[in-house]
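J.: Protein chains in written order, with the numbering used here: chain A, 9 to 527; chain B, 1055 to 1237.
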């Protein structure tokens, strides 16, 4: 069968599907929702009004975060964006490389006054994206210069021998520091062929690195425990590893094992939980997403909201009050501006930096899929996509309907239907992230299927790594062995929910998967 | 499924006008098929309902006295995907908690030719009553007969879901009743 049409992602489609996709793409409200990348003037990131309207309430609304005030935010000093340099694995480092770096003067890499063209702003945003908010933290010089760190943790480098997720920074002449917790640390994917996809679901083995650090024994136990409490404490939830005191008393090896169980591409991010981590999202195409985070915690109406997202999540949300609990301190006390002694809380991005960052993220383009389809497989795959019901929620051309679905056990309050875009049926996946964490709105966002070919693990908690597993009904059984996140000490468990495509024939499943890998 | 699909309905009530209902032959429904078809993303999706209850008093030679009343159980909606069925039962589609049955009622019937009829019916779905037209046939056999017809509605006329770029508005409903003389 001849190829009859081309979707915006370049995959051919059948006549019926092409006509229908065209209809969808022409729908005015989709275009209207797409935020402008060049909003001008630069939005003020943090106003009390904007922040209050930005986040959805939590499933237990009385514990919804009350973020720091506008005055608090702007009392923090602006963050410096320093020029940074690649880190090579020791055996791949050019001779004399670090000596040459040590001779360099510190150099700032962001000056809004010099930015004129769109490309200037995008390039500057890329530098913000790669800029750390912490130094010598999760990753230190003694780590990146230690061959055992790469071998024992299982850390890969690019074809050039470069560690893609951290960079050398010179803030003081003669002193090389490892920049940590840049956006790029979690949103850079190293592909099997050694290439990089910037903005994608990253695959730095962050949790394994942390476990390795804990087991090295050179991090004060107080710090390990305080970080654990700050990340996961959810005192109003009666579930394992939520109680601040118990988290602070947990044996270090237990904490290391909990970290080790979380595969690359998944994270125990602040506000999640050790048994309910979050898949790192793909930022490519985020311009078209209506909600941010797997739980749809934030609304996305334009660059201003993306700026707010970065400001809050890097990592000022740990200063918020959740009820009377402040994660940064483990108490009800909110420290004065800059006093928390936690990287990321002592300074802030400037509005211009965040605007540049938003422009850069909006500019990210998906890499072309290396997968190709013959016409018969394409037709069969598209038909399976429709008949299995995928199309209803993962609607082209975005491959998401941009709606929120209630997590298992959560009933949306009546007023939510007017305030949010809700697809009122649960697909009954594991509800813990949505109902038992500080990011738990009670909902999961319908994710886009674009870029599936380069992303993994899948589902909100990264339980699965392949589409074959997703379409295999055996995953519903208790003796299933998930290839992604299982949990510490867990070998077998079911991966419930999203029961679609199970009835497809093997040929249809193959065609559907082949089709999805072209998106 | 708000943006999804769904559909509809059916039930038949051919209510005869006229005087003596007792004079009309009473039929019992031995089996029924109530199916629907709606396009989703350009491709047809087929579904069905069950739980038919009907009162059929039908004489093709005395349509003015004939009665056929039927309703179906909304909660039996089956679109082929269980999770989708559950969504169809919720308030944004059939709202089965508040509107457990769909009813249809004939207000006028005419014979076009032997075994072929046209009728005007009142369809009551989700608390909304509207007249529809449905041609139907009666195929008689020795001890039984088949009453069959089909009609098209706009699901939005009955508040079934919302306007959608995925799910079509038009739903084709097929009704087929296997009937035999009541004892």
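Yeah, the Cβ is synthetic: ideal placement off N, Cα and C, and Gly gets one too. Remember, predicted model here, so these are calculated numbers, not experimental data.
Check the C-beta distance from residue 92 of chain A over to residue 177 of chain A and give it rounded, since I have them as a contact under 8 Å.
T.: That belief holds up - the Cβ atoms of residue 92 of chain A and residue 177 of chain A are roughly 5 Å apart, short of 8 Å.
J.: From the beta carbon of residue 1095 of chain B, is the nearest beta carbon of chain A less than 8 Å away?
T.: Chain A, which has a Cβ nearer than 8 Å to the Cβ of residue 1095 of chain B, makes this yes.
J.: Would a check of beta-carbon distances place residue 395 of chain A closer than 8 Å to chain B?
T.: Yes, because at least one Cβ of chain B sits closer than 8 Å to the Cβ of residue 395 of chain A.
J.: CA-CA distance, residue 160 of chain A and residue 451 of chain A?
T.: If you take the alpha carbons of residue 160 of chain A and residue 451 of chain A, they lie about 38 Å apart.
J.: For residue 516 of chain A versus residue 392 of chain A, is the C-beta distance shorter than 8 Å?
T.: Their beta carbons are under 8 Å apart, which means residue 516 of chain A touches residue 392 of chain A by this criterion.
J.: Are there 16 or more other CB atoms within 10 angstroms of the CB of residue 45 of chain A, so buried, or fewer, so exposed?
T.: Note that residue 45 of chain A scores 49 on pLDDT, short of 50, meaning its location in the model is unreliable; the coordinates nonetheless yield the value given after this. Buried, by the Cβ-count rule.
J.: I'd like to know if residue 1144 of chain B contacts chain A, where contact means its C-beta is closer than 8 Å to some C-beta of that chain.
T.: So yes, residue 1144 of chain B belongs to the interface.
J.: In three-state DSSP terms, what is residue 369 of chain A?
T.: Residue 369 of chain A: helix per DSSP, three-state reduction.
J.: To the nearest angstrom, how far is the alpha carbon of residue 217 of chain A from that of residue 120 of chain A?
T.: C-alpha separation (whole angstroms): 35 Å.
J.: Does residue 1135 of chain B get closer than 8 Å to chain A when you measure Cβ to Cβ?
T.: Yes, residue 1135 of chain B counts as interfacial toward chain A.
J.: Go to residue 387 of chain A, then tell me how far its beta strand (DSSP E) extends in each direction, as first and last residue.
T.: Per DSSP, residue 387 of chain A belongs to no beta strand (DSSP E); it is in the alpha helix (DSSP H), 383-395.
J.: Just list the alpha helix (DSSP H) runs in the region 280-363 of chain A, keeping only unbroken ones of 4 residues or longer that don't cross its boundaries, in chain order.
T.: If we require 4 residues or more, the alpha helix (DSSP H) runs fully inside the region 280-363 of chain A come out as 311-321.
J.: Going straight from the alpha carbon of residue 354 of chain A to that of residue 285 of chain A, what length do you get?
T.: Residue 354 of chain A and residue 285 of chain A: Cα-Cα distance of roughly 26 Å.
J.: Residues in the region 431-462 of chain A with C-beta within 9 Å of chain B's C-beta atoms, listed in sequence order?
T.: Per Cβ criterion, the list reads 431, 432, 433, 434, 435 and 436.
J.: My parser needs the beta strand (DSSP E) runs of 3 or more residues fully inside the region 110-138 of chain A; what are they?
T.: Qualifying beta strand (DSSP E) stretches: none in this window.
J.: What would DSSP say about residue 250 of chain A, mapped onto helix, strand or coil?
T.: Coil.
J.: Just to confirm the assignment, what range does the alpha helix (DSSP H) spanning residue 1123 of chain B have?
T.: From DSSP, residue 1123 of chain B is part of no alpha helix (DSSP H) but of the beta strand (DSSP E) over 1121-1132.
J.: Could you name the residues of the same chain whose beta carbon sits closer than 8 Å to that of residue 341 of chain A, not counting the 5 residues immediately before and after it, in chain order?
T.: The answer, listed in chain order, is 334.
J.: Note the first and the last residue of the continuous beta strand (DSSP E) segment covering residue 1179 of chain B.
T.: Start and end: 1170-1179.
J.: Let me confirm a value: residue 513 of chain A is counted as buried when at least 16 other C-beta atoms fall within 10 Å, else exposed. Which label applies?
T.: By the neighbour-count rule (16 or more Cβ atoms within 10 Å), residue 513 of chain A is not buried but exposed.
J.: Does the region 421-430 of chain A come within contact of the region 277-293 of chain A, defined as at least 3 CB pairs closer than 8 Å?
T.: No, because fewer than three Cβ pairs between the region 421-430 of chain A and the region 277-293 of chain A fall closer than 8 Å, the two stretches do not touch.
J.: In angstroms, rounded to a whole number, what distance separates the CA positions of residue 1075 of chain B and residue 1120 of chain B?
T.: Because residue 1075 of chain B carries a pLDDT of 42, less than 50, the predicted location of this residue cannot be relied on, and the following value inherits that uncertainty. One C-alpha to the other measures close to 7 Å.
J.: Nearest to residue 180 of chain A by CA position, among A/105, A/114, A/106 and A/300, is which residue?
T.: When only C-alpha atoms are compared, the closest one is A/114.
J.: Put residue 489 of chain A into one of helix, strand or coil per three-state DSSP.
T.: The answer is coil: DSSP assigns residue 489 of chain A none of H, G, I, E or B.
J.: Enumerate in chain order the residues of its own chain whose CB-to-CB distance from residue 410 of chain A is below 6 Å, with the five nearest sequence positions on each side excluded.
T.: Cβ neighbours of residue 410 of chain A beyond the five flanking positions: 298.
J.: What separation, rounded to the nearest whole angstrom, lies between the Cα atoms of residue 1118 of chain B and residue 1163 of chain B?
T.: Cα to Cα, residue 1118 of chain B sits roughly 7 Å from residue 1163 of chain B.
J.: Take residue 207 of chain A as the anchor and find which of A/141, A/267 and A/459 has the nearest alpha-carbon.
T.: That would be A/459, whose Cα lies nearest to the Cα of residue 207 of chain A.
J.: From residue 1 of chain A to residue 319 of chain A, what does the alpha carbon distance come to, in whole angstroms?
T.: Residue 1 of chain A cannot be examined here, being either before or after the span of chain A that is shown, 9 to 527.
J.: May I ask you to list, following chain order, the residues of the region 1188-1218 of chain B that have a beta carbon less than 7 Å from some beta carbon of chain A?
T.: Within the region 1188-1218 of chain B, no residue has a Cβ that lies closer than 7 Å to any Cβ of chain A.
J.: Under 8 Å between C-beta atoms, does residue 1141 of chain B make it to chain A?
T.: So yes, residue 1141 of chain B belongs to the interface.
J.: What residue does the alpha helix (DSSP H) around residue 435 of chain A start on, and which one ends it?
T.: Neither: residue 435 of chain A is in no alpha helix (DSSP H) and is coded neither H nor E.
J.: For residue 1236 of chain B and residue 1198 of chain B, I'd like the C-alpha separation in whole angstroms.
T.: So the two alpha carbons sit approximately 10 Å from each other.
J.: When the Cα atoms are used, what is the spatial distance from residue 1208 of chain B to residue 456 of chain A?
T.: Straight-line Cα distance between these residues: approximately 30 Å.
J.: Decide if residue 1166 of chain B is buried, meaning its Cβ has at least 16 other Cβ atoms within 10 Å, or exposed.
T.: Its Cβ having fewer than 16 others within 10 Å, residue 1166 of chain B is exposed.
J.: To which residues does DSSP link residue 185 of chain A through a beta bridge?
T.: DSSP lists A/177 as partners of residue 185 of chain A.
J.: So for residue 1160 of chain B, helix, strand or coil by DSSP?
T.: Residue 1160 of chain B falls in the strand class under three-state DSSP.
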